[in-house]
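For the sequence shown, full-length UniProt numbering begins at 1 and goes up steadily by one. The beta-carbon is built from N, C-alpha and C at its ideal position, and this holds for glycine as well. Remember, predicted model here, so these are calculated numbers, not experimental data.
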Amino acid sequence: MKFKILITGAAGFIGSNLCEYFVGKGHDVLGLDNLATGHMSNIEPLQEKDNFSFLKGDIRDLDTCHKAVSGRDYVLHQAALGSVPRSIKDPVTSNDVNVGGFLNMLVACKDAGVKKMVYAASSSTYGDSKSMPKVEEVIGKPLSPYAITKYVNELYADVFYKTYGLNTIGLRYFNVFGRKQDPNGAYAAVIPLFTKQLMNKQSPTINGDGTYSRDFTYIDNVIQANEKAMLADHPEAVNTVFNVAYGDRTDLNMLIDLLKQSLSKHDKTILDVDTIYGPLRAGDVPHSLASIDKAKRLLGYQPQFNLKAGLDEAVEWYWSNL
Ligand SMILES: NC(=O)c1ccc[n+]([C@@H]2O[C@H](COP(=O)([O-])OP(=O)(O)OC[C@H]3O[C@@H](n4cnc5c(N)ncnc54)[C@H](O)[C@@H]3O)[C@@H](O)[C@H]2O)c1
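See the structure below:
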């Protein structure tokens with residue numbers, strides 16, 4: 001069955017990968033983005049497809065949200081300002097986009113009667129909780145303005161179900177990486193940043209001693225989770241949140257080793273690049289590891305790419321695209 005899908009944040013890393021996937025499956029996809037952090041080059045090849053269209057617009061504008069959502073079966077909402085440090089530097093703009101824009105999207109989805117809005121939640125919602133692995137029901141206090149915005153999304157989504165009957169699913173992404181993730185700018189994520197630095201034989205800088213660990217999640221696992229969430233109709237699976245991760249954790253020292261190994265297939269001298277160690281960053285949690293049992297049980301989620309397999313693919317993409 002073919003659906004009409006709106007993907008917000010369509011020019012960004014995750015949004016553009018979702019666009020590519022769902023266009024490839026023959027669905028009618030509309031992408032919305034204001035290009036704050038996304039790039040048109042991410043969706044350039046899709047522009048010539050009959051089943052893809054793009055609307056340049058801002059989710060902070062309710063009329064734009066209404067226009068984008070009109071006539072859509074499903075909404076995959078990815079648009080937001082990511083990055084903990086960005087939100088520490090400018091909490092007002094992060095809040096405007098991530099909370100105000102999110103609320104606009106909920107209102108537009110409710111008014112248009114969409115079947116479901118699947119939205120990008122975040123592992124940052126676990127905040128200062130020490131429990132490991134992270135299970136959806138046990139969260140701590142947020143450690144950054146960004147984390148607050150993502151938690152508020154979950155609260156609003158819950159209230160929109162209870163008050164207006166709008167169906168939503170929140171996907172708490174854990175450190176997603178892969179093709180098209182931006183390696184540039186002050187707020188680049190570690191994997192694209194380190195990859196680019198190592199490719200240029202520059203020393204990557206780790207904040208701290210490299211023992212902080214993350215549940216790094218390859219983009220194809222995230223695409224799978226979005227599709228399963230979009231199509232889920234089991235009552236227990238809807239109007240709730242799920243961890244989207246691989247379910248394993250790797251520290252930053254090991255991450256750099258794996259990246260070097262992968263890149264050394266192209267240039268052996270990359271193995272000799274040193275690592276620099278700097279101060280810890282405010283708002284960073286020491287360790288992050290997801291339980292993915294709930295997504296497995298209720299969505300049938302089965303991540304296909306572990307960190308090594310994902311890194312090998314991502315490195316090939318960066319090698320031929322940077
Ligand atoms: N990448 C991760 O590891 C990760 C982890 C947890 C959650 N998330 C969430 O996943 C979503 C996608 O993240 P990403 O990594 O692809 O980031 P990204 O920055 O590559 O993509 C976000 C997109 O949203 C767009 N956008 C920003 N403000 C907008 C606005 N006001 N109106 C319309 N579009 C706007 C940007 O231009 C960009 O294209 C975000 O909601 C983010 O918070 C990402």
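Separation of residue j from residue i, as counted between CA atoms
i    : j    : result
Q304 : Y21  : 16 Å
A295 : F242 : 6 Å
H234 : L298 : 8 Å
L171 : D274 : 36 Å
N175 : L307 : 11 Å
L289 : D111 : 37 Å
F54  : S70  : 14 Å
V190 : K56  : 28 Å
D73  : A225 : 18 Å
F102 : I256 : 35 Å
P192 : Q261 : 15 Å
Y277 : G210 : 8 Å
S213 : N207 : 12 Å
T205 : T168 : 39 Å
L258 : D312 : 9 Å
Y161 : L263 : 47 Å
Residue i, buried or exposed, once every other Cβ within 10 Å from all chains shown has been counted against 16
i    : result
E154 : buried
T37  : buried
H27  : buried
Y164 : exposed
G15  : buried
T195 : buried
Q78  : buried
A282 : exposed
A80  : buried
Contact belief for residue i with residue j at Cβ below 8 Å, rounded distance in angstroms
i    : j    : result
G127 : L106 : Incorrect: roughly 23 Å between the Cβ atoms, too far for contact.
S124 : Y156 : With 8 Å as the limit, S124 and Y156 do not qualify as a contact, their Cβ atoms being about 16 Å apart.
Y187 : R86  : 5 Å
V114 : V75  : 6 Å
Cross-strand partners of residue i (DSSP beta bridge)
i    : result
M40  : Answer is none; M40 lacks a bridge partner.
M117 : V75, T168
Y173 : S122, V244
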